[in-house]
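*Asks:* Let me give you the structure first, and then I'll get to my questions.
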Amino acid sequence: MTKKRLIIIDGYSLIYRTFYGVRPMTTKDGVHTNVIFGFSNILINILENFTPDYIAVAFDEKKPTFRHDSFENYKAGRLLMPEELEQQIQLIFEMLELMDIKKISMEGYEADDLIGTISKICSANDIEVDILTGDRDAFQLIDKNIKVIYTKKGISEVDVYGENEIMERYGVSPEDLIDVKGLMGDKSDNIPGVAGVGEKTAIKLIQDYGDIEGVYENIEAIKGKLKERLLLDRENAFLSRHLAKIVTEIPIDFDLDEYITLDYKNKETIDFFERMECHTIVKKLIGEGKPMEDSKSVIHEHEYIMVENISGIKSLKAAINSSGEMFFIHLVEKEPVYSLKALAIETAGKVYFIDSRIVPEETILDELKTILEDVKITKAGHDVKDFIVYLLKKGVEFNGLRADTYIAAYLLDPSDNRYAVDDLAGKYLMKNIHTEEDIFGKGRAKLRFEDADPKVLEKHLSQKCMLLGEIEKALSEKIKEFEMTALYNDIEIPLIEVLASFEFSGFKIDMKELDELDREFDEKLALLTANIYACAGREFNINSPKQLGEILFDELMLPVIKKTKTGYSTDVEVLDKLKGKHPVIESILEYRTIAKLSSTYVKGFKQIIHRDDNRIYSTFNQALTTTGRISSTEPNLQNIPIKIEMGKKIRKVFIPSSEEHILVDADYSQIELRILAHISDDETLIESFVNGEDIHTRTASEIFNVPLEEVAGRQRMYAKAINFGLIYGKQAFGLSQDLGISRKEAQDYIDRYFGRYPKVAKYMEDIKLQAKEKGFVTTIYGRRRYIPEINSRNANIEKSGERLALNTPIQGSAADIL
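Take the sequence shown: its letters are residues 405 to 1222, numbered as in the numbering used here.
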């Protein structure tokens, strides 16, 4: 007959292990969750892998125990619990209650004593016990029915110890470890032991003499300093054993039925982890990795149809025309060329799956072209932009887009970065579906459509598609609740098609101009290299910080500004401070600038230009930044420098696609300051824009109290720095650094600014308070950004949060308007 099993967990041992073993995590509202995540992850793994019949978690009481009565310095010197950890303790208690897991503690005793007593009661009744802990003190409890699951290396690895493992590791029995600790002590608990006696010596003494009594009965046989130490600390040895011994007979009312493992995968538990934004834990609870047939969101064969020929596509077209709407999931590959691999379409409650290995890609497009171009047929998909670009390349104009769940999920939580359909199904529907790795295998870089089993792929995409309507409904309700409907429908959805057209069109490059620029840069670098070598007195690798540091600081004897672990720092900050101290510095700075421009924009462009049409095709990311700004990658076309002459030359290589076209570069004048005027409702600032004045000159006039026509250039420069600096949350120190003035002078300018623009000052205070109360700020159009940093007790993190709170509504609103 199989024995029953109890798992008992040392609560605070596991809590501290997870706190220091799991990276810091917070919810969007600023609640710390790394312990909740780590603790629950281990707990669920234990429940699933060990399947215990009974389970409990033991905790220390905060009040003193009998050990403190015996030795007032017991555990003295321990640091206070970190604030980020303390915030999570009650949430851990709540989690255990929701999971129906017994939580035990007892005044006057430590968790170890409860664990020891309950373990020995169960062992005496032939119940197997596993103790989960990161504290080796528990090893003394091991017997024929009791084992210790010992956590090591943070939380990622465990060792299981029984009687044999203890004997193999220490050479003594588990019970003998009490006497070993009495002799060696324990610094972590401030148990003194015998000074100068370590673990090896203590073990040898117990092996030779049995216990501490035996050691002192045979003290004359022990020689030298060890004998002196033992005699000097005899009292400490017995006291330390008393402190180290776990009590196994404390008076408790023990009812084993209260420890029965119950259904911990209940709705209340899942709701808790959703609230804590522990989405991977939710997936574990709802069965991630199980076969699809076991999933809560099972899709039955009669609900999807495999399209195998033109006749099947015509049936699909008829169904779409009849219903007037469709949900779709696409599988488009970009490399080596854009191609459609598979398509799942849901309409009128049924999913149709089309595999290009069965129905040719050309046939799919020819038959569905009228549907895809029909503006009256509304369409909802997921991450649709790539599909639209693909269609444009095939001569099909996509119309009727009503929803994109990828973009909707991004709007609701722009810092999450988990917007795949399987993520959203778990987060918003608590349903589980296969991930891409289940279909293609591990390693997303190696995913290949050809490797996917057609039947598995069919179920995967069909199930995604079947759930898309539910996901879209859940997201739409949230968007409405968050008052983002106009932002979503009027800005984000139309923007998808705009960005798709950018990616389809690309940017034409004047190859002759680019080649000429390449030669010019190479010649300039050659001249700078020769000049640097002449100044240095010898040749060396200019791109090597180590060699450059040796030249500058060992050979040219320039003053050392900063050092790193590997030697002298030669970063731009250091070189800027060395300007004027040697002619080589200016040449090195110029060399670095040109070398970066050359490698990034000239030689870099040459590697990615499509030679058939001399165009660069960048990817425009709509759901990447937390402020709502669009980003450009592969390559980044947003950061081409313009302030230096060489940067301006790079911009000249971009040309219209033909003589019938022109390039238009459009921008708003002072858009962020205009937004500040609008949201602060400051009359003076608004008046300046209404009158068409130069805002920086007007600000200078206000804070320096001079007529507009008498504002000096330096005063305007200061005003400009203040105007933009305050938008980004700069304070006196930052402004003083920018302007090269004292902090007191910078603070005086800021005070004058707020004196002339009082409603700007009020807005800045109000927005910080709003962020602290709500945990987020919004743009004019309702775009949210969560700022958990603003409620941190760490002053530096809190200040960072305040800067984000000031800047986001302005920068985010500018992004929305643009």
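No residue lacks a Cβ here, since even glycine has one placed at the ideal position from N, Cα and C.
(1) Applying the criterion that 16 or more other CB atoms from any shown protein chain within 10 Å of the CB defines a buried residue, is PHE658 buried or exposed?
(2) Work out the CA separation of ARG923 and ASP1155 for me, nearest whole Å.
(3) Answer yes or no: do PRO963 and LYS985 have a C-beta to C-beta separation smaller than 9 Å?
(4) Roughly how many angstroms lie between the CA atoms of GLU1228 and GLY830, to the nearest whole one?
(5) In chain order, what residues of the same chain lie with their CB nearer than 6 Å to the CB of ALA904, ignoring the 5 residues before and after it?
(6) On a Cα-Cα basis, can you pick out the residue from ILE913, MET499, PHE925, VAL562 that is closest to ASP1016?
(7) According to DSSP, is ASP414 helix, strand or coil?
(8) Classify GLN1215: buried if its beta carbon has 16 or more other beta carbons within 10 angstroms, exposed otherwise.
(9) Is there contact between the region 513-524 and the region 573-580, where contact requires at least three CB pairs shorter than 8 Å?
(10) Please name the residue or residues paired with HIS786 in a DSSP beta bridge.
(11) Hey, how far is the Cα of ALA1249 from the Cα of ILE1079?
(12) Candidates VAL1110, PHE1093, ASP667: which alpha carbon is nearest LEU451's?
(13) Alpha carbon to alpha carbon, how far is SER592 from ASP1238? Give it in angstroms, no decimals.
(14) Excluding the 5 residues preceding and the 5 following ALA1104 in the sequence, name in chain order all residues of the same chain whose CB lies nearer than 6 Å to its CB.
(15) Whole angstroms are fine: how far does the CA of ILE811 sit from the CA of ILE783?
(16) Cutting at 6 Å between CB atoms, please list the residues of its own chain near THR1183, excluding the five before and the five after it.
(17) With three or more beta-carbon pairs closer than 8 Å as the criterion, would you say the region 1196-1212 touches the region 438-452?
(18) Looking only at DSSP bridge pairs, what is GLU532 linked to?
(19) As a quick exercise: from GLU1097, PHE1158, ALA1209, pick the residue whose alpha carbon is nearest that of ILE1171.
(20) Cβ of PHE543 within 9 Å of Cβ of PRO486?
(21) Whole angstroms are fine: how far does the CA of TYR1161 sit from the CA of ASP778?
(22) Is the region 712-729 touching the region 746-757, taking contact as three or more C-beta pairs under 8 Å?
(23) Between which two residues does the beta strand (DSSP E) containing LEU666 stretch?
(24) Can you have a look at GLU1206 and say buried or exposed, based on whether 16 or more other CB atoms are within 10 angstroms of its CB?
(25) To the nearest whole angstrom, what separates the beta carbons of ARG540 and ASP583, a pair I think is in contact under 8 Å?
(26) Do TYR663 and LEU410 count as a contact pair if the criterion is CB distance below 9 Å?
(27) If distances are taken between C-alpha atoms only, which option among LYS506, THR1031, TYR814, LEU931 comes closest to ILE992?
(28) First and last residue of the beta strand (DSSP E) that includes LEU735?
(29) Going by the DSSP bridge assignment, what does MET710 pair with across the sheet?
(30) Have a look at LYS983 and TYR1005 and give me their C-alpha separation to the nearest angstrom.
(31) Between PHE1180 and ARG1189, how many whole angstroms is the CB-CB distance? I'm expecting something under 8 Å.
(32) Output needed for LEU865: all residues of its chain with C-beta closer than 7 Å, excluding positions within five of it in sequence on either side, in chain order.
(33) Tell me whether VAL1110 sits in a helix, a strand or coil according to DSSP, three-state version.
(34) Can you list, in chain order, the residues of its chain whose CB lies under 6 Å from that of LYS1204, leaving out five sequence neighbours each side?
(35) For THR430, collect the residues of the same chain with a Cβ closer than 6 Å to its Cβ; drop the 5 residues on either side in sequence, then sort them by chain order.
(36) If we call anything under 9 Å between Cβ atoms a contact, is SER743 one with GLU765?
*Replies:* Taking the structure as given:
(1) exposed
(2) 52 Å
(3) yes
(4) The structure shown does not extend to residue 1228, since the chain is modelled only from 405 through 1222, so no value can be given for it.
(5) LYS789, ILE792, VAL793
(6) ILE913
(7) strand
(8) Counting Cβ neighbours within 10 Å, GLN1215 comes out buried, since at least 16 surround it.
(9) no
(10) Answer is none; HIS786 lacks a bridge partner.
(11) Lying outside 405 to 1222, the shown extent of the chain, residue 1249 is not represented and no answer is given.
(12) ASP667
(13) The shown model of the chain, from 405 to 1222, leaves out residue 1238, and the question about it has no answer.
(14) Excluding sequence neighbours, ALA1104 sits near VAL1115, GLN1119, ARG1120, ALA1123.
(15) Note that residue 783 corresponds to Lys in the displayed sequence, not to Ile. In a straight line, the C-alpha of LYS783 is about 14 Å away from that of ILE811.
(16) PRO1213, GLY1216, SER1217, ASP1220
(17) no
(18) ARG409
(19) ALA1209
(20) no
(21) 53 Å
(22) yes
(23) Run containing LEU666: none; DSSP gives neither H nor E here.
(24) Answer is buried; the Cβ neighbour count reaches 16.
(25) Not quite, the Cβ-Cβ distance comes to about 15 Å (not below 8 Å), so this is no contact.
(26) yes
(27) LEU931
(28) 729-737
(29) According to DSSP, residue pairing for MET710 in a beta bridge involves PHE757.
(30) 27 Å
(31) Rounded to whole angstroms, the Cβ separation of PHE1180 and ARG1189 is 6 Å, and the two are in contact under 8 Å.
(32) Contacts found: ILE733, LEU735, ALA746, ALA748, PHE757.
(33) DSSP places VAL1110 in coil when its eight states are reduced to three.
(34) One detail in the question is off: residue 1204 reads as Ser in this sequence, not Lys. Excluding residues within five positions, the ones whose Cβ falls inside 6 Å are GLU1193.
(35) HIS436, PRO1192
(36) yes
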